[in-house]
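Notes follow the structure.
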Amino acid sequence: MPWTCADIPDQSGRTALITGANSGLGLETARALAQRGARVVVACRSLTKAEATCQDLAGDGGGELIPLELNLADLASVRHGAAEIAARWSAIDLLINNAGVMAPPRQLSAQGFELQFAVNHLGHFALTQQLLPVLRPGARVVHVSSGASYFGRIAFDDLQGEQRYDAWAAYAQSKLANVMTALELQRRLDAQGAEVRSIAAHPGLARTNLQPTSVAARGSRVEALAYRLMDPLFQSAAMGALPQLFAATAPAAKPGGFYGPGGLGNLKGYPKACRIAPAALDAAACTRLWDVSEELCRG
Ligand SMILES: NC(=O)c1ccc[n+]([C@@H]2O[C@H](COP(=O)([O-])OP(=O)(O)OC[C@H]3O[C@@H](n4cnc5c(N)ncnc54)[C@H](OP(=O)(O)O)[C@@H]3O)[C@@H](O)[C@H]2O)c1
395 MPWTCADIPD QSGRTALITG ANSGLGLETA RALAQRGARV VVACRSLTKA EATCQDLAGD
455 GGGELIPLEL NLADLASVRH GAAEIAARWS AIDLLINNAG VMAPPRQLSA QGFELQFAVN
515 HLGHFALTQQ LLPVLRPGAR VVHVSSGASY FGRIAFDDLQ GEQRYDAWAA YAQSKLANVM
575 TALELQRRLD AQGAEVRSIA AHPGLARTNL QPTSVAARGS RVEALAYRLM DPLFQSAAMG
635 ALPQLFAATA PAAKPGGFYG PGGLGNLKGY PKACRIAPAA LDAAACTRLW DVSEELCRG
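Residue numbers for the sequence shown follow the working numbering, beginning at 395 and rising by one.
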């Protein structure tokens, strides 16, 4: 039997924080968890977007919705948002690191890091570290990655693409970093005996704002055409959100696992365990990435 939103266990009394909750997969994840009774912290890069999303989702009924401003391209905003959450609630049950940007021309975050590395990886890394103390036993951290992780390489000698920037290589690097962080975090949690699961997920190909935003940022007609031709391969945002919802709530989702769509080349379909990129299985590289990320976040 395929796993669907109907299989999400009752989430009453649980608190979930979702980054990038105003659009695409994040929005569908927020909707599904709120409908199952979770209190959902709708974290968006602006408070206006977060409030508008809460208002929209409130129409569906379900758990309490809390807007939060959290700009992952600014570590000060991440610190501020995490502190606000920790102060208001001493317990988070689900942290879903979902927000992302894909293949823009080279841009820098507030602290001068390459935007994709900053938003997709470093901002979430910092957020997770700051919320670890308030994760309740039984909590889960979900890292939303991509099939691009299979093509990724961590350029330790040029993490910020200063010497050479290829937008797609930088995206793949950041998405590989998500899986490596998921695995390294699980090892660290296990070493501490913490009852927290760290799990990675990817949506296959889902129709969201990710591709149009990327095409607009690069102004590439070829890419726009390619997406039109590839359209039959894409699934809905609601289907694309299932692997991360599975990772967040299914009793069968394993610590240190990676879940994605089980059909057609893992591009679409219902959630299934999927293969982890060999580069992420290099534990020494995962530890190195963790240490470098800690240092960069310290500033
Ligand atoms: N859709 C796919 O086919 C696909 C495939 C593989 C992986 N993914 C991954 O899935 C995740 C969700 O993407 P999506 O497809 O749902 O795309 P989306 O509709 O574009 O949503 C991305 C979300 O990330 C937010 N975001 C971007 N920069 C941010 C920042 N600096 N601070 C805070 N939030 C920021 C966006 O906010 P704004 O609305 O303000 O821009 C938006 O809410 C991403 O991590 C992406 O890499 C998607």
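All C-beta atoms in this analysis are idealised placements derived from N, C-alpha and C, irrespective of residue type, glycine included.
Nearest to Arg601 by alpha carbon, out of Ala632, Ala594, Ala641 and Lys443?
Counting from one through the sequence shown, the residue named residue 601 turns up at place 207. Of Ala632, Ala594, Ala641 and Lys443, the residue nearest in Cα terms is Ala632.
Closer than 6 Å to a non-hydrogen atom of ligand 3 - does that hold for the CB of Arg439?
Ligands present in the displayed structure are limited to ligand 1, and ligand 3 is not among them.
Does DSSP put Cys399 in a helix, a strand or coil?
Here residue 399 corresponds to residue number 5 of the sequence shown, with the count starting at 1. The answer is helix: DSSP assigns Cys399 an H, G or I state.
Under the three-state DSSP convention, the category Cys438 falls into
Indexing the sequence shown from 1 puts residue 438 at position 44. Note: Cys438 maps to strand in three-state DSSP.
Going by the C-beta, is Asn355 closer than 6 Å to any heavy atom of ligand 1?
Past the edges of the chain, shown from 395 to 693, lies residue 355, and the structure says nothing about it.
Please report the residue range of the alpha helix (DSSP H) in which Arg731 lies.
This structure does not reach residue 731, given that the chain is present from 395 up to 693, and the question cannot be answered.
Burial state of Lys648, where buried means 16 or more other Cβ atoms lie within 10 Å:
What you label residue 648 is simply residue 254 of the sequence shown in a count that begins at 1. It is exposed - the Cβ of Lys648 has fewer than 16 other Cβ atoms within 10 Å.
Could you tell me which of Gly506, Leu675 and Trp397 sits nearest to Tyr544, measuring between CA atoms?
Here residue 544 refers to the residue found at position 150 of the sequence shown. Tyr544 has its Cα closest to that of Leu675, out of Gly506, Leu675 and Trp397.
Alpha-carbon to alpha-carbon, Ser539 and Cys668:
Along the sequence shown, one-based indexing puts residue 668 at 274. Along the sequence shown, one-based indexing puts residue 539 at 145. Approximately 12 Å between the Cα atoms of the pair.
Could you check how far apart the C-beta atoms of Gly457 and Val434 are, in whole angstroms? I think they sit under 8 Å.
Locating residue 457 in the sequence shown gives position 63, where the first residue counts as 1. Locating residue 434 in the sequence shown gives position 40, where the first residue counts as 1. Correct: roughly 6 Å between the Cβ atoms.
Mark Met574 as exposed unless 16 or more other C-beta atoms lie within 10 angstroms of its C-beta, in which case mark it buried.
Within the sequence shown, residue 574 is the residue found at index 180, counting from 1. Label assigned to Met574: buried.
Where Lys666 and Val472 are concerned, what is the direct C-alpha to C-alpha distance, given to the nearest angstrom?
Taking the first residue of the sequence shown as 1, we reach residue 666 at position 272. Taking the first residue of the sequence shown as 1, we reach residue 472 at position 78. Lys666 and Val472: Cα-Cα distance of roughly 32 Å.
Enumerate in chain order the residues of its own chain whose CB-to-CB distance from Ala485 is below 7 Å, with the five nearest sequence positions on each side excluded.
Translated into the one-based positions of the sequence shown, residue 485 becomes position 91. Once the five neighbours on either side are set aside, the close Cβ partners of Ala485 are Thr409, Val528 and Arg530.
Kindly provide the ranges of any alpha helix (DSSP H) runs that are 4 or more residues long and lie completely inside the region 503-585, ordered along the chain.
517-525
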